[in-house]
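K.L.:
Just so we're aligned: the sequence shown equals residues 15 to 416 in the working numbering. One structure coming up, written as structure tokens, with questions to follow.
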Amino acid sequence: MHSIPSSTQLLSKQQKGEAGDYQRFWVKRIEQLGDCPTPFLLSDISIAGRQIHLFRSLLSRISLFYAIKANPSPMIISSIDHLIDGYDVASVAEIELLLGLGMDSSRISYNNPVKSRESITRAAELGVKRFVFQSREEAEKIAQCAIGAEVLVRVKMQDSKDAQSFSSKFGCPPEDAAQLLKYAKKIGLKPLGVTFHVGSQATELQAWRNAINKAQLIVTEVRKSGVDIRIINMGGGIPVQYSNDDPSLYELAKVINDAIDEGPSDIDYIAEPGRFLTADSSVIVTTVIGREDRDGVPWLYLDIGIFQAFMEVFEFGRFFYPVFSLRHAKNASGRAAQKSFVLTGPTCDSCDTMAKGVLLPSDIREGDKLVVCKSGAYTTVYGSNFNGFEIPRVKVVGVVDV
Ligand SMILES: Cc1ncc(COP(=O)(O)O)c(C=O)c1O
Numbered sequence: 015m016h017s018i019p020s021s022t023q024l025l026s027k028q029q030k031g032e033a034g035d036y037q038r039f040w041v042k043r044i045e046q047l048g049d050c051p052t053p054f055l056l057s058d059i060s061i062a063g064r065q066i067h068l069f070r071s072l073l074s075r076i077s078l079f080y081a082i083k084a085n086p087s088p089m090i091i092s093s094i095d096h097l098i099d100g101y102d103v104a105s106v107a108e109i110e111l112l113l114g115l116g117m118d119s120s121r122i123s124y125n126n127p128v129k130s131r132e133s134i135t136r137a138a139e140l141g142v143k144r145f146v147f148q149s150r151e152e153a154e155k156i157a158q159c160a161i162g163a164e165v166l167v168r169v170k171m172q173d174s175k176d177a178q179s180f181s182s183k184f185g186c187p188p189e190d191a192a193q194l195l196k197y198a199k200k201i202g203l204k205p206l207g208v209t210f211h212v213g214s215q216a217t218e219l220q221a222w223r224n225a226i227n228k229a230q231l232i233v234t235e236v237r238k239s240g241v242d243i244r245i246i247n248m249g250g251g252i253p254v255q256y257s258n259d260d261p262s263l264y265e266l267a268k269v270i271n272d273a274i275d276e277g278p279s280d281i282d283y284i285a286e287p288g289r290f291l292t293a294d295s296s297v298i299v300t301t302v303i304g305r306e307d308r309d310g311v312p313w314l315y316l317d318i319g320i321f322q323a324f325m326e327v328f329e330f331g332r333f334f335y336p337v338f339s340l341r342h343a344k345n346a347s348g349r350a351a352q353k354s355f356v357l358t359g360p361t362c363d364s365c366d367t368m369a370k371g372v373l374l375p376s377d378i379r380e381g382d383k384l385v386v387c388k389s390g391a392y393t394t395v396y397g398s399n400f401n402g403f404e405i406p407r408v409k410v411v412g413v414v415d416v
């Protein structure tokens, strides 16, 4: 069982007076929906578009694939499709979703490093040509089920500190990558390059630099052995600024661009962010169903909890979403006296408690609506109906600038 995260970062912008515009932006959109039952997730796709434009302007040498696992909302995918180069998928269901939306299979990379034979066969039948592997065994499965497929080898790199780690489960040791790519070629596959993932919400900039440099060394080594690979796919992991402690894309882009400059000039780079494209685009609106004092500490029982949307609290051990009160934001009384609250969910489990130390106006009461910000990634997609509670409905507004 996790310990309830304390959350100094929840103080974020709203305590610094910069919050007014941000809150007004969302209050307006929430009001436009009328009287909607909570909980619901409201996405404004213009923000996903803005994130893509930011990526394009700061990381212009990197192709952009969207990891749809973060938020597979068909409305979001269809709206941003013309702005991105392709998609990272984890399963056949994700491939089918994209094809159903009219996407071309040539833009889909099946990057789950270990797949069933049935999934590989089906993906190949659906026209997917690019796969990821991390072992001889997986290379053999791909060679048999998707004859002549293009492959990248997933390499285990040092995770960014505090990120959700992937290295315990994924990636071959860097020193095995060259042999694996040579083997892939020998058994009829087309080796294209190297991929890695330094962890989701990877805020440690040096981890990015080290991983890119190591991947460049692998490319050089493989090329010397006569296998002409050209791609480094740096995975997802671009962090969201849940708080001012998290680095901005400006800071990360400087590090990534410097690292790219340090390697051979003829490498094609790909990134496949999920969280970065969609977290900022949404808020979750939830209602306080009860306020109680427990041992002198005020608790807010919400109509949404860990099981319906905030599963990442289990993964990260913290609740990183800034929260504000809709009533107070509407009345421009955001500077009302504050109190520190515990936020818990509606189920009969105590582990459904998301956060303690969340500063909110002290007179929050039953029936108030709270707005959980930056919650568009890895929330509703994790949702379960545990205890009979509904996963938030999804509402989408906004248009993407071309
Ligand atoms: C292979 C791969 N690529 C990209 C992503 C997206 O990562 P993030 O949402 O941290 O950007 C993931 C996340 O699980 C992944 O497994």
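Every residue, glycine too, gets a C-beta built ideally from N, C-alpha and C.
Check whether the region 275-289 touches the region 364-373, taking contact to mean three or more Cβ pairs, one atom from each stretch, closer than 8 angstroms.
P.N.:
No contact exists between the region 275-289 and the region 364-373.
K.L.:
Mind checking whether the beta-carbon of I252 lies closer than 8 angstroms to any heavy atom of ligand 1?
P.N.:
yes
K.L.:
Rounded to whole angstroms, what is the Cα-Cα separation between D280 and F69?
P.N.:
21 angstroms
K.L.:
Given that a residue counts as buried once 16 or more other Cβ atoms are within 10 Å of its Cβ, and exposed if not, what is H96?
P.N.:
exposed
K.L.:
Quick check on DSSP: helix, strand or coil for P188?
P.N.:
helix
K.L.:
Applying the 10 Å Cβ sphere with the 16-neighbour rule, what's the burial state of C50?
P.N.:
exposed
K.L.:
Which one of A293, S119, G310 and K204 has the shortest CA to CA distance from I90?
P.N.:
A293
K.L.:
So, is L115 buried or exposed, given that buried needs 16 or more other C-beta atoms within 10 angstroms?
P.N.:
exposed
K.L.:
Shorter than 9 angstroms from the beta carbon of M117 to some beta carbon of chain D?
P.N.:
Here chain D cannot be found, since the structure has a single protein chain.
K.L.:
Return the first residue and the last residue of the alpha helix (DSSP H) that M89 is part of.
P.N.:
Element bounds for M89: P88 to I94.
K.L.:
Where I245 and I76 are concerned, what is the direct C-alpha to C-alpha distance, given to the nearest angstrom?
P.N.:
10 angstroms
K.L.:
Measure the Cβ-Cβ separation of F210 and N247 and say whether it is below 9 angstroms.
P.N.:
yes
K.L.:
From V297 to K196, what does the alpha carbon distance come to, in whole angstroms?
P.N.:
The straight-line gap from Cα to Cα measures roughly 47 angstroms.
K.L.:
Using 8 angstroms for Cβ pairs, my map puts L166 next to L219. What's the rounded Cβ distance?
P.N.:
In fact, because the Cβ distance is near 24 angstroms, the residues do not count as touching under 8 angstroms.
K.L.:
Which residues in the same chain as E380 place their Cβ atom closer than 8 angstroms to its Cβ, once the five residues preceding and following it in sequence are excluded?
P.N.:
V302, I303, G304 and R305
K.L.:
What residue from N401, S174 and S214 has the CA that sits closest to E326's CA?
P.N.:
S214
K.L.:
What did DSSP end up calling N247 once you bin it into helix, strand or coil?
P.N.:
strand
K.L.:
Please check the pair Q14 and A221, which I expect to be a contact at CB under 8 angstroms, by giving their CB distance rounded to whole angstroms.
P.N.:
The chain is shown only over 15 to 416; residue 14 falls outside these bounds and no answer can be derived.
K.L.:
For L419 versus G141, is the C-beta spacing smaller than 9 angstroms?
P.N.:
With the chain covering only 15 through 416, there is no way to say anything about residue 419.
K.L.:
Please state the DSSP three-state secondary structure of F400.
P.N.:
Taken through DSSP and simplified to helix, strand or coil, F400 comes out as helix.
K.L.:
How is R75 classed by DSSP in three states: helix, strand or coil?
P.N.:
Note: R75 maps to coil in three-state DSSP.
K.L.:
Any heavy atom of ligand 1 closer than 8 angstroms to the Cβ of Y392?
P.N.:
yes
K.L.:
My understanding is that E164 touches K204, with C-beta atoms under 8 angstroms, so please give their C-beta distance in whole angstroms.
P.N.:
Between the beta-carbon of E164 and that of K204 there is about 5 angstroms, and that keeps the pair under the 8 angstroms contact cut.
K.L.:
In three-state DSSP terms, what is Q46?
P.N.:
It is helical.
K.L.:
Mapping DSSP to helix, strand and coil, what is D35?
P.N.:
helix
K.L.:
Count the C-beta pairs between the region 307-325 and the region 56-66 that are closer than 8 angstroms, then say yes if the count reaches three, no if not.
P.N.:
no
K.L.:
Just to confirm my understanding: we take H67, look at its own chain, exclude 5 residues before and 5 after, and list those with CB closer than 8 angstroms. What are they?
P.N.:
L97 and D415
K.L.:
Taking 9 angstroms as the threshold (C-beta atoms), are A191 and V128 in contact?
P.N.:
No, Cβ-Cβ distance for V128 and A191 is not below 9 angstroms.
K.L.:
Leaving out five residues before and five after I82 in sequence, what residues of the same chain have Cβ atoms less than 8 angstroms from its Cβ?
P.N.:
I91, Y101, D102, V103, E108, L111, L112 and G288
K.L.:
Return the chain-ordered ranges of every beta strand (DSSP E) run that is complete within the region 166-239 and spans a minimum of 3 residues.
P.N.:
204-209
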